[in-house]
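A.B. asks: Before we start, here is the structure in question, set down as structure tokens.
Protein chains: 2
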Amino acid sequence: MISFSSKGVSVLEKTKKYTDSQFLISDLLEKIAKKNQGFSSPEVLENSELLTKIDTFVRSHSQKQYLVILGIGGSALGGIALQKILARNTEKNIFFLDTLDPEIIEEVFQKISLFSTLFMVISKSGGTVESLSQYAFFKKKIEDEKREISRHFVFITGEEGFLREEGEKNNISLFDIPENVGGRFSVLTAVGLLPARFMGIDISSLLLGAKKMAENFFCPDKEKNLAFQFATIQYNALQKGITKNVMYAYSNKLFALSDWYRQLLAESTGKKFSQEGEMIFTGITPLSALGVTDHHSQNQLYMEGPFDTLLCFLEVEKFSSKIYVPEDGYTKTPLSFVQGKKFSEILEAEREAAKQSLTLCQRPWISISIPSLQENFLGQMFLFFEASVAFLGEMMNINAFDQPGVEQTKILTKKILQEKKREN
Amino acid sequence: MISFSSKGVSVLEKTKKYTDSQFLISDLLEKIAKKNQGFSSPEVLENSELLTKIDTFVRSHSQKQYLVILGIGGSALGGIALQKILARNTEKNIFFLDTLDPEIIEEVFQKISLFSTLFMVISKSGGTVESLSQYAFFKKKIEDEKREISRHFVFITGEEGFLREEGEKNNISLFDIPENVGGRFSVLTAVGLLPARFMGIDISSLLLGAKKMAENFFCPDKEKNLAFQFATIQYNALQKGITKNVMYAYSNKLFALSDWYRQLLAESTGKKFSQEGEMIFTGITPLSALGVTDHHSQNQLYMEGPFDTLLCFLEVEKFSSKIYVPEDGYTKTPLSFVQGKKFSEILEAEREAAKQSLTLCQRPWISISIPSLQENFLGQMFLFFEASVAFLGEMMNINAFDQPGVEQTKILTKKILQEKKREN
């Protein structure tokens, strides 16, 4: 089981402990339940039918050497994290095209062999303009080679919309995104599971881990509920003006999780209105840092800058590699105290030293620890963060599940492009 | 020449324009000059002797297929940015090991062929424990194969320290880091130039661009001095409680520059003391975002969250790729307004729409534009950001060139590891 330490928040002297929280877990869960969100439901976490369907589909495409995922935001970030942390199938070349940068799209097009490529288009609304533009681009390439698009595309989408219609019309395999699971909460649906299965990841183990954490999420005991504890610390810190949360991963692979978490925290908490419609302009800004690399980049600011940052250490208990610094007569050199030590020991020493330094500088920190980079533990992690954001939303009295602030840009984009058309 | 637009800061109604700044460029330059920093000096930017030495060295190692850079923080971030943005030599495999993660170190060890590998150890103090630990590790591997370490290592280091002594003792090629150039300002010394030359980058063009921007840096005219203008906006925003600066790159390659800038801004401005020794705990928190990808991740927060963020758009005027969305009868679909458009046009439309949305939401933004991803323009960029941080430091009345807050962690790391030794 992943674990959680909050001793580093003692520097916020007046911050209440999570056991002293004014919130009752049962009240919060009731409010969350009213929003009918599926991310922690048995329909998502115990969906054996979906696992079978994924298995059959992946086997039938096992000869494909390239997988290109056309998705952006919540349709990509979970899969990217899974790829960087867990991918075991090194025979496949997998590209996430979560961009409009033409040079990157063209680069990927040049790297793949069309005949051996499966394109996975992911969009809950079925109308995401970035992913659909790429779909149109690659569809044309497939057609130009007189190939059947149904053999090269699979769509993951919601109940309605252009992508579903297009899929049905062209006999393309379809996977569903449940209506009550938002994009940034969708990593444990087909959105994350289908790419993961192509990567050789054990997706049933991933779901089992998540299911275990879901049980913890519904536990009303403040001493036991990890997501509640984390959310309480974030909320109490925010009340004291701590508007920045750094996800500080001490593992290059686990660092990939912080990009996924950035979307989850930023979109869920950055809100203009309270649930009663009062203007509050609130939000927690997520930052990503990599230990020990950022000891040499961001730590100066974290140690001496404004008192507005909570640091969340993300730790791996066991590294699979045992390499060490050789002993070679370095006694009177800067290597004297590291020779003979494993690299993982030096990394851990630096991490603990960073925590001690933060405490000395009166900076709050917590740590979240994962036993090892295995599927079940990562499943726990995903659900832990999703659950904590759900709690946090209710504590902050905002809707953690919408994103009204991004519509304006979509409307203006359309206007700009339409006007451009008239000019030409 | 790179260019700069500040029309998006008009939403900060009471923010003074840079022409109204209380600071005189000549005063600021005088204060900076007293600190004797070499990053913009002719000794660095017009060092033809160094270019010749680099050229000779790289030619003599042209048969090496692998380059592994052992450096961290300022010894890596500039080179990584250069690699991601400009690298042209695709025959070489180049790895930056700016980490202690044992799995990553082992992964790189398994990918390289020792006989065809050059290791570049970069540390200004010559005592950086992470990089020296890796040096000891790979040195042993080379010795185990009965190879001469002088044929497989090159050191880039300051005047004194372990690395220089070790290099002289073992007949290893040495390149200098000037004493008056700090790590995060060192990309245009051998630290960035030597790896860049291995990547096929035109380093004299890089320096020519930087030299041009250095002239602009020393220009006392507020209407012309770009670095002064940028620093003034950051400073004025900070006075209004805007403590976060997002570097929002609308190019996947250029995004690499924001990691380099994160160190530059965080380490330079995150300071406990003013120049008179008063405790001020100040600093600007740098954030990185990627357009349009982060439209689907961070924008909700930027549009609706707290009014504490300045967005700096980083734009490429010309993309080399001309790919477009095919026209294929998408008239009544979400693709209707993008069909027939180039991907770069859609990207630009989204970028302009994001700016307009920010203005509507009363959020300040600026834009920095680079004509194309070419050496001379990137040289301008590096110098522009370094110069702006130098100005900013004087405006904030802090020393932008030190990093006293990171020492504590180094001391505690040593203590933890020494105690561990006694236990074993």
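These protein sequences, in sequence, are chains Y and A. Read in order, the letters of the first sequence are residues 4 to 427 in our numbering. Read in order, the letters of the second sequence are residues 4 to 427 in our numbering. Just so you know, even glycine gets a beta-carbon here, dropped at the ideal spot from N, CA and C.
Which residues, in order along the region 381–414 of chain Y, keep a beta-carbon less than 7 Å from a beta-carbon of chain A?
C.D. replies: Taking 7 Å as the Cβ-Cβ cut-off against chain A, the residues of the region 381–414 of chain Y that qualify are 406, 408, 409, 411 and 412.
A.B. asks: By how many angstroms is the C-alpha of residue 258 of chain Y removed from the C-alpha of residue 361 of chain Y?
C.D. replies: Approximately 20 Å, taken between the alpha carbons.
A.B. asks: Per the DSSP calculation, residue 292 of chain A is bridged to which residue(s)?
C.D. replies: According to DSSP, residue 292 of chain A bridges with A/251.
A.B. asks: Give a yes or no on whether the minimum CB-CB distance between residue 333 of chain A and chain Y is below 8 Å.
C.D. replies: Closer than 8 Å to some Cβ of chain Y, the Cβ of residue 333 of chain A qualifies, so yes.
A.B. asks: Looking only at its own chain, which residues have a Cβ that is under 7 Å from the Cβ of residue 166 of chain A, when we skip the five neighbours before and after it?
C.D. replies: Within the same chain, residue 166 of chain A has close Cβ partners 124, 126, 129, 158 and 160.
A.B. asks: Any beta-carbon of chain A closer than 8 Å to the one on residue 328 of chain Y?
C.D. replies: Closer than 8 Å to some Cβ of chain A, the Cβ of residue 328 of chain Y qualifies, so yes.
A.B. asks: Return the chain-ordered ranges of every beta strand (DSSP E) run that is complete within the region 40–108 of chain Y and spans a minimum of 3 residues.
C.D. replies: Counting only runs of 3 or more, we get 69–73 and 96–99.
A.B. asks: Spell out the partners DSSP gives residue 121 of chain Y in its beta bridges.
C.D. replies: Paired residues: Y/70.
A.B. asks: Can you give me the C-alpha to C-alpha distance between residue 83 of chain Y and residue 233 of chain A, rounded to a whole angstrom?
C.D. replies: Spanning the two alpha carbons is a distance of roughly 35 Å.
A.B. asks: Rounding to the nearest angstrom, what Cα-Cα distance links residue 13 of chain Y and residue 367 of chain Y in this structure?
C.D. replies: Cα to Cα, residue 13 of chain Y sits roughly 7 Å from residue 367 of chain Y.
A.B. asks: So, for residue 88 of chain A: in the same chain, excluding its five sequence neighbours on each side, which residues have a beta-carbon less than 8 Å away from its beta-carbon?
C.D. replies: Excluding sequence neighbours, residue 88 of chain A sits near 256, 257, 259, 260, 376 and 381.
A.B. asks: Report the option in A/121, A/135 and A/372 whose CA atom is closest to the CA atom of residue 331 of chain Y.
C.D. replies: Among A/121, A/135 and A/372, the Cα nearest to that of residue 331 of chain Y is on A/135.
A.B. asks: Might you give, ordered along the chain, the residues of its own chain that have their beta carbon closer than 6 Å to the beta carbon of residue 416 of chain A, omitting 5 neighbours on each side?
C.D. replies: Counting only Cβ-Cβ distances below 6 Å, and skipping sequence neighbours, we find nothing.
A.B. asks: Kindly list the residues whose CB is nearer than 6 Å to the CB of residue 374 of chain Y, restricted to its own chain and excluding five residues on each side of it in sequence; keep chain order.
C.D. replies: So the list reads 320 and 380, once near-sequence residues are dropped.
A.B. asks: Quick one: grab the DSSP three-state call for residue 317 of chain A.
C.D. replies: It is a strand residue.
A.B. asks: Compare the C-alpha of residue 176 of chain Y against each of Y/236, Y/188, Y/197 and Y/182 and name the closest.
C.D. replies: Among Y/236, Y/188, Y/197 and Y/182, the Cα nearest to that of residue 176 of chain Y is on Y/197.
A.B. asks: I'd like to know if the region 266–284 of chain Y and the region 331–350 of chain A are in contact, where contact means that at least 3 CB-CB pairs between them fall below 8 Å.
C.D. replies: The region 266–284 of chain Y, when compared against the region 331–350 of chain A, does not touch it at the 8 Å Cβ threshold.
A.B. asks: For residue 131 of chain Y, is the beta carbon positioned less than 7 Å from some heavy atom of the ligand NAD?
C.D. replies: Because no ligand of any kind appears in the structure shown, any question about the ligand NAD cannot be addressed here.
A.B. asks: According to the neighbour-count rule (16 or more other Cβ atoms, all chains shown, within 10 Å of its Cβ), is residue 412 of chain A buried or exposed?
C.D. replies: That one is buried.
A.B. asks: Rounded to a whole number of angstroms, what is the C-alpha to C-alpha distance between residue 99 of chain A and residue 299 of chain Y?
C.D. replies: Cα to Cα, the separation comes out at about 15 Å.
A.B. asks: Taking Cβ-Cβ distances shorter than 7 Å, what residues in chain A pair up with residue 265 of chain Y?
C.D. replies: Correct list: 300 and 301.
A.B. asks: For chain Y, check one thing: does any of its Cβ atoms lie closer than 8 Å to the Cβ of residue 23 of chain A?
C.D. replies: No, because no Cβ of chain Y sits closer than 8 Å to the Cβ of residue 23 of chain A.
A.B. asks: Between residue 149 of chain Y and chain A, is the shortest Cβ-Cβ distance under 8 Å, so that the two count as touching?
C.D. replies: No, because no Cβ of chain A sits closer than 8 Å to the Cβ of residue 149 of chain Y.
A.B. asks: Please compile the residues from chain Y whose C-beta is within a distance smaller than 7 Å of the C-beta of residue 15 of chain A.
C.D. replies: By Cβ distance, chain Y contributes nothing, its closest Cβ being about 15 Å from residue 15 of chain A, past 7 Å.
A.B. asks: Can you pull the chain Y neighbours of residue 31 of chain A, defined as C-beta to C-beta under 9 Å?
C.D. replies: The contacting residues do not exist; residue 31 of chain A stays about 22 Å from chain Y at best.
A.B. asks: Is it right to say residue 133 of chain A is buried, meaning 16 or more other beta carbons lie within 10 angstroms of its own, or is it exposed?
C.D. replies: Counting Cβ neighbours within 10 Å, residue 133 of chain A comes out buried, since at least 16 surround it.
A.B. asks: Roughly how many whole angstroms lie between the Cα atoms of residue 23 of chain A and residue 392 of chain A?
C.D. replies: Going from the Cα of residue 23 of chain A to the Cα of residue 392 of chain A covers about 19 Å.
A.B. asks: Quick check: the Cα distance between residue 116 of chain A and residue 144 of chain A, rounded to an integer number of angstroms?
C.D. replies: About 11 Å.
A.B. asks: With DSSP as the reference, label residue 280 of chain Y as helix, strand or coil.
C.D. replies: Reduced to three states, the DSSP call for residue 280 of chain Y is coil.
A.B. asks: Please name the residue or residues paired with residue 177 of chain A in a DSSP beta bridge.
C.D. replies: For residue 177 of chain A, which the question treats as bridged, DSSP gives the partners A/158.
A.B. asks: Verify the CB distance criterion: does residue 423 of chain Y have a CB-CB separation below 8 Å to chain A?
C.D. replies: Yes, because at least one Cβ of chain A sits closer than 8 Å to the Cβ of residue 423 of chain Y.
A.B. asks: Determine the direct distance from the alpha carbon of residue 335 of chain A to that of residue 273 of chain A, and round the result to whole angstroms.
C.D. replies: Their backbone Cα atoms lie some 52 Å apart in a straight line.
A.B. asks: Looking only at C-alpha atoms, which of Y/149, Y/211, Y/141 and Y/150 sits nearest to residue 383 of chain Y?
C.D. replies: Cα-wise, what sits closest to residue 383 of chain Y is Y/211.
A.B. asks: Measuring only the C-alpha atoms, how far is residue 71 of chain A from residue 200 of chain Y?
C.D. replies: Taking the straight line joining both Cα atoms gives about 33 Å.
A.B. asks: Grab the span of the beta strand (DSSP E) containing residue 434 of chain Y for me, first residue to last.
C.D. replies: The question about residue 434 of chain Y has no answer, for chain Y in this structure spans 4 to 427.
A.B. asks: Quick test of the definition: if touching needs 3 or more C-beta pairs under 8 Å, does the region 58–67 of chain Y touch the region 308–327 of chain A?
C.D. replies: No: the two stretches stay apart, fewer than three of their Cβ pairs being nearer than 8 Å.
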